[in-house]
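The structure under discussion appears below in the form of structure tokens.
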Amino acid sequence: PDSAASHRDGVYTFLISGIDVVGYHNDTNLVGMFDTVNGKLNIVSLPRDMLVNVNLNIKKINQPYAAAKNNSQDATAALLDTVSDILGYEVDMYAFVNIEAAAEIVDAIGGVYFDIPYDMDWDAPDQDPPLHIHIKAGPQTLDGENFVNAMRFRMSNDGSHTYAGGDIQRIEFQHELLMAFAEQALQFGNIANLGEIYSAVMENTETN
């Protein structure tokens with residue numbers, strides 16, 4: 006749909022999707038609106054298991070990009086069309102970020118200080134590559150690897166820590182972690198790291 010008729014000057018919409026390097030699934034999706042006139046930024050998350058009307062066996066939002074990519078089709082168009090169908094308008098801008106870029110950026114700013122609410126212990130040895138998440142509860146400085154692992158965490162091996170609200174509660178945690186990252190990344194002391202941050206972003210991002 007063409008939203009130009011109702012588009013306000015100085016207001017831009019965007020989609021940021023975190024793409025997993027294994028299987029090309031967009032498991033993290035942020036839709037935002039940036040109002041440069043009033044200085045406001047609003048962001049909402051689209052859950053990875055959100056049902057969508059697509060011609061695929063698995064009708065979830067994290068499938069169209071992967072299906073197109075694995076079949077040598079236009080993965081960008083597939084995801085943008087799916088999101089447009091959900092929102093009712095086309096986003097002005099998009100950025101598809103290799104999730105591993107987050108680890109590089111976090112390391113570039115010296116880590117992210119965050120209070121992990123509980124022990125995160127999850128092992129997926131059958132995943133390719135194998136995934137092992139072991140982060141102790143409490144305030145700490147997360148390096149890039151543990152930052153990404155905290156974002157990925159869904160449940161404990163023994164079931165003791167599982168998001169009661171499923172993806173919704175997990176998204177709330179991700180928002181808190183991303184806000185801590187944003188606040189710390191924008192600190193004055195990181196001016197010296199801008200070159201490294203820029204390289205990490207641009208080498209791992211597809212954007213218009």
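Everything in the sequence shown is counted per our numbering, starting at 6 for the first residue and increasing by one. Even glycine gets a Cβ: it sits at the ideal position worked out from N, Cα and C.
Distance check for GLU150 and ILE114, CA to CA, integer angstroms please.
Counting from 1 along the sequence shown, the entry for residue 114 is found at position 109. Counting from 1 along the sequence shown, the entry for residue 150 is found at position 145. The straight-line gap from Cα to Cα measures roughly 13 angstroms.
Quick one: using the 10 Å Cβ neighbour count with 16 as the cut-off for buried, is GLY23 buried or exposed?
For the purposes of this step, residue 23 is identified with residue 18 of the sequence shown, where counting begins at 1. When all chains shown are included, GLY23 counts as buried.
TYR203 burial status per 10 Å Cβ neighbour count (16 or more: buried)
On the sequence shown, residue 203 is found 198 positions in, with the first residue counted as 1. Exposed.
Quick one: what does DSSP say LEU84 is sitting in, helix, strand or coil?
Translated into positions along the sequence shown, residue 84 becomes position 79. Of the three classes helix, strand and coil, the one that applies to LEU84 here is helix, per DSSP.
Do VAL59 and PRO52 have their beta-carbon atoms positioned less than 8 angstroms apart in this structure?
As a working note, residue 52 is residue 47 in the sequence shown. As a working note, residue 59 is residue 54 in the sequence shown. Not a contact, by the Cβ cut-off of 8 angstroms.
DSSP-derived helix/strand/coil call for SER77
The sequence position of residue 77 within the sequence shown is 72, counting from 1. Coil, per DSSP.
Span of the alpha helix (DSSP H) around ALA100
Position 95 of the sequence shown holds residue 100. Counting along the chain, ALA100 falls outside any alpha helix (DSSP H), though it belongs to the beta strand (DSSP E) covering 98-103.
For LEU85 and GLU95, the rounded distance between their alpha carbons
Residue numbering aside, residue 95 sits at position 90 when the sequence shown is read from its first letter. Residue numbering aside, residue 85 sits at position 80 when the sequence shown is read from its first letter. So the two alpha carbons sit approximately 8 angstroms from each other.
To the nearest whole angstrom, what separates the beta carbons of ILE66 and MET55, a pair I think is in contact under 8 angstroms?
Taking the first residue of the sequence shown as 1, we reach residue 66 at position 61. Taking the first residue of the sequence shown as 1, we reach residue 55 at position 50. Sure, about 4 angstroms apart at Cβ, within 8 angstroms.
Tell me VAL57's beta-bridge partners as DSSP assigns them.
Taking the first residue of the sequence shown as position 1, residue 57 is located at position 52. DSSP lists no partner for VAL57.
Could you tell me how far apart the beta carbons of ALA82 and LYS74 are, in whole angstroms, since I believe they sit closer than 8 angstroms?
Start at 1 with the first residue of the sequence shown, and residue 82 comes out as number 77. Start at 1 with the first residue of the sequence shown, and residue 74 comes out as number 69. With 8 angstroms as the limit, ALA82 and LYS74 do not qualify as a contact, their Cβ atoms being about 11 angstroms apart.
Sort THR87, ILE104, VAL111 by Cα distance to GLU186 and report the nearest one.
By one-based count along the sequence shown, residue 186 stands at place 181. Here residue 186 is Phe; the residue named in the question, Glu, does not match the sequence. Nearest C-alpha to PHE186: VAL111.
Can you round the beta-carbon distance between ALA142 and TYR168 to whole angstroms, since I take them to be within the 8 angstroms contact cut?
Sequence index remark: in the sequence shown, residue 142 carries index 137 (1-based). Sequence index remark: in the sequence shown, residue 168 carries index 163 (1-based). Actually they are not in contact, since the Cβ atoms of ALA142 and TYR168 sit about 15 angstroms apart, beyond 8 angstroms.
Excluding five sequence neighbours on each side, which residues of the same chain lie with their C-beta closer than 6 angstroms to the C-beta of ALA189?
Residue mapping note: residue 189 aligns to position 184 of the sequence shown, counting from 1. Reading the sequence as shown, one finds Gln at residue 189 and not Ala. Closer than 6 angstroms at the Cβ level, and outside the excluded window around GLN189, lie VAL117.
Thinking C-alpha only, which one of VAL102, MET156, ASN43 is nearest GLU208?
Along the sequence shown, read from residue 1 onward, the residue named residue 208 stands at position 203. Minimum Cα distance to GLU208 is reached at VAL102.
Restricting to Cα atoms, I'd like to know which of VAL42, VAL88, LEU35, ASP172 is closest to ARG13.
Start at 1 with the first residue of the sequence shown, and residue 13 comes out as number 8. Ranking the options by Cα distance to ARG13, first place goes to VAL42.
What does GLY143 pair with, by DSSP beta-bridge criteria?
Here residue 143 is taken as the residue at index 138 of the sequence shown, counted from 1. ILE121.
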